[in-house]
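Below: the structure, in structure tokens.
Numbering (the working numbering), first residue to last: 3 to 78.
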């Protein structure tokens with residue numbers, strides 16, 4: 003019997019990263035807001051309200067964005 007030793011965690015990670023790179027992908031770290039924090043939720047709420055007020059004053063921009071969203075070449 004040919005008993006190979008199991009791969010270490012580092013070896014498995016190296017193999018996985020190589021496979022992902024072979025698919026044309028690269029590793030990236032993303033820092034996102036912590037939506038569990040009340041102050042983050044409040045900031046998002048304020049930003050959304052400000053954005054809605056801006057769109058109320060500039061409805062043509064919203065129509066252009068909706069046309070882009072619904073236009074050709076953007077499949078779900």
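C-beta atoms are modelled at their ideal positions from N, C-alpha and C, and glycine is treated no differently.
These figures come from a predicted structure and were not determined experimentally.
> Hey, how far is the Cα of residue 15 from the Cα of residue 60?
Replying inline: 50 Å
> Are residue 42 and residue 36 close, meaning C-beta to C-beta below 8 Å?
Replying inline: yes
> The alpha helix (DSSP H) spanning residue 70 covers which residue range?
Replying inline: 61 to 72
> Where residue 54 and residue 44 are concerned, what is the direct C-alpha to C-alpha distance, given to the nearest angstrom?
Replying inline: Those two C-alpha atoms are separated by around 15 Å.
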